[in-house]
Structures are given as structure tokens and as C-alpha cells.
Amino acid sequence: MNFPPSLVILTGAGISAESGVKTFRDAGGLWEDHRIEDVASPEGFIRDPGLVQRFYNARRRQLPEVRPNAAHAALARLERDWAGDFLLVTQNVDDLHQRAGSMNLIAMHGELLKARCTLCEQASLWSGDITPESICPACGDVGFLRPHIVWFGEMPLEMDRIFRALAGCDVFAAIGTSGNVYPAAGFVDAVPRSCRTVELNLEPSLVASSFRDRRIGRATELVPAWVAEVLANS
Ligand code: APR
């Protein structure tokens with residue numbers, strides 16, 4: 046047990062749902078309109094790069110229309126007021142945690158607001174559409190940019206740093222994630238036995254039984270209440 050205790054938080058699409066960002070597997074979710082293999086895999090990108098660029102261009106265009114919600118704000122407050130180590134790992138590719146003020150943040154599945162050059166491999170900030178005429182800001186080549194998104198079959202980002210934080214954490218919370226996708230769904234199994242684990246979700250996730258504490262409800266209600274409780278007891 047560290048003193049002050051160290052905290053790792055994992056978030057998924059459910060924390061952004063009340064901001065109006067579609068989740069993946071809820072009714073009406075993103076995967077209802079598209080096959081994962083067509084828009085979220087390297088093979089799909091090779092097969093039809095235009096379809097993949099349009100899918101992410103549409104999601105990138107939506108970002109200015111949505112805002113961080115009370116759950117994002119509560120996590121930024123927790124980070125500010127927490128005395129110990131704090132790491133927020135998100136599977137989300139929106140920028141709502143960043144806009145809420147979260148700083149020690151790993152976007153393990155990439156970010157909509159970055160483009161990656163398939164020639165020089167550099168990721169650059171990118172807020173507009175990615176098209177065949179797009180020029181890489183790093184190397185200047187034309188037409189080689191892809192979304193800086195981790196697709197199925199690709200390695201999530203900063204896994205060493207994440208597992209080091211998990212191995213030493215005293216509190217682990219998973220918020221708004223279904224437990225469908227690994228490695229994130231396995232993070233709860235990578236924490237010390239002494240770690241206090243809690244799941245905050247609209248319904249039990251596929252790995253709910255791995256958590257000591259499970260709270261059911263909407264993130265904008267559960268997260269501010271949980272943050273107040275954790276800060277009061279720290
Ligand atoms: N408050 C709390 N939880 C919610 C809310 C809400 N308002 N709305 C939905 N949820 C929960 C759902 O019950 C579900 O368990 O959020 C979870 C969302 O699950 P998914 O849609 O599967 O999203 P996520 O777990 O983030 O998916 C993980 O899969 O498709 C890939 O790369 C993609 O990062 C994504 C990964």
C-alpha cells in the first residue's frame with residue numbers, strides 16, 4: 046500500500062454517452078451501422094480507405110458539437126485534488142477528457158484529433174478531414190495520412206506504462222466500458238490483490254465479477270458521487 050495511495054482509472058465509451066457521443070455496442074451504437082472489420086481494421090483500410098476515412102472524418106467533425114459532461118469534470122477534479130499518483134487511461138478517441146482538464150492521461154486507442162503518416166509514422170494534430178490530398182505536417186508527403194486510431198489487430202499505445210501503473214495501484218476504477226475488448230478488459234486482473242477495485246457502469250460489464258465494488262447507473266451521477274467519496278476518505 047502506497048501512502049498516499051495511487052489511483053488508476055480506465056474509461057470507455059459510456060463516460061462520453063451523455064455528452065452525445067455514440068457508444069459502440071449499445072443499441073444504435075457505432076457498430077450497428079458498420080462492420081468492425083470494414084472501418085476499424087488495417088485490412089479494412091487497405092480494402093476501402095475512402096470508407097474508413099469517411100467514418101473517422103464524420104466522428105472528428107462531431108467533436109466541436111459535444112462537450113465534456115459532469116463525469117469528465119469530476120475525474121479532472123479528482124486528479125487535481127488527489128495527493129498520490131494518478132493515471133487516467135481511456136479507450137475513447139474523443140477529446141472530452143482533455144477538454145475537461147485531465148492531464149495525466151493515456152489515450153490507449155489513439156485520438157480522433159491526430160493523423161498518422163503511413164510513410165514517416167509521425168502522428169500530428171489534425172482537426173479537419175483526412176483526404177488523399179492531405180499533406181503530412183512532419184514529412185510533407187501527400188496522401189499518406191491515416192487516422193491515429195488503434196484498430197483491431199494493432200497494439201494499443203503505452204501498454205508498458207499502463208501495466209507498470211496497474212502493478213502498483215491501490216485503487217482501480219473502470220467507468221463506462223463493457224469489458225468486451227482486451228487488453229483493457231483484463232486490466233482489473235493486473236492490479237495487486239490488495240487493490241480496491243470498483244466498476245461504475247450503466248449495467249454489469251462482462252468482467253463485473255472481477256470487481257470488489259460494482260455500482261450501476263449513469264456516469265454523470267455515479268462518477269461525481271464516487272469522486273466525492275474517494276476524496277473524503279483519502
Ligand atoms: N453511464 C455509464 N455507463 C454507460 C452509459 C452511461 N450513461 N451509457 C452506456 N454505458 C455503458 C454500457 O452499458 C457499456 O457497458 O458503457 C459501456 C460501453 O461499452 P462499449 O460500447 O463496448 O464501449 P467500450 O467498452 O469503450 O468499447 C471498448 O471497443 O470497439 C472498440 O476501440 C473500441 O475503445 C472501444 C473498445
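Numbered per our numbering, the sequence shown spans residues 46 to 279.
All C-beta atoms in this analysis are idealised placements derived from N, C-alpha and C, irrespective of residue type, glycine included.
Predicted model only: the values in this text are computed from it and were never measured.
- DSSP, read as helix, strand or coil, puts F189 in coil.
- For T222, the three-state secondary structure derived from DSSP is coil.
- In the three-state scheme derived from DSSP, where H, G and I count as helix and E and B as strand, E203 is classed as coil.
- Its chain contains S223, G224, N225 and A230 as the residues whose beta carbon lies nearer than 8 Å to that of L251, once the 5 sequence neighbours on both sides are disregarded; these appear in chain order.
- A straight-line Cα-Cα distance of about 8 Å links S279 and P49.
- Distance from the Cα of L96 is smallest, within the candidate group R105, V84, Q107 and R104, for V84.
- When the beta-carbon positions are compared, G146 and V195 stay at least 8 Å from each other.
- Of L141, N47 and W76, the smallest CA-CA separation from E63 is found for L141.
- With a cut-off of 8 Å on Cβ pairs, the segment 239-250 is in contact with the segment 202-221, counting three or more such pairs.
- When Cβ pairs closer than 8 Å are counted between the two stretches, the segment 96-114 is seen to touch the segment 159-178, the count reaching three or more.
- Restricting attention to K159, L157 and A219, the CA atom closest to the CA of G57 is found in A219.
- If one requires a minimum length of 4 residues, the alpha helix (DSSP H) runs lying completely within the segment 141-179 are 141-145, in chain order.
- Per DSSP, the unbroken beta strand (DSSP E) holding F131 starts and ends at F131 to T135.
- Between N114 and L133, the gap from beta carbon to beta carbon reaches 8 Å or more.
- The continuous stretches of alpha helix (DSSP H) do not include N114, and DSSP gives it neither H nor E.
- Apart from the 5 residues on each side of it in sequence, W76 sits with its Cβ closer than 7 Å to the Cβ of F69 and R70 in its chain, given in chain order.
- Around the beta carbon of P192, 16 or more other beta carbons lie within 10 angstroms, which makes this residue buried.
- Straight-line measurement puts the Cα of F90 at about 12 Å from the Cα of T163.
- Look at V243 here: in three-state DSSP terms it is strand.
- For R259, the uninterrupted beta strand (DSSP E) segment begins and ends at D258 to I261.
- Straight across, the Cα-Cα distance linking F100 with M46 is about 45 Å.
- By alpha-carbon distance to L190, the top candidate from Q98, L55 and K67 is Q98.
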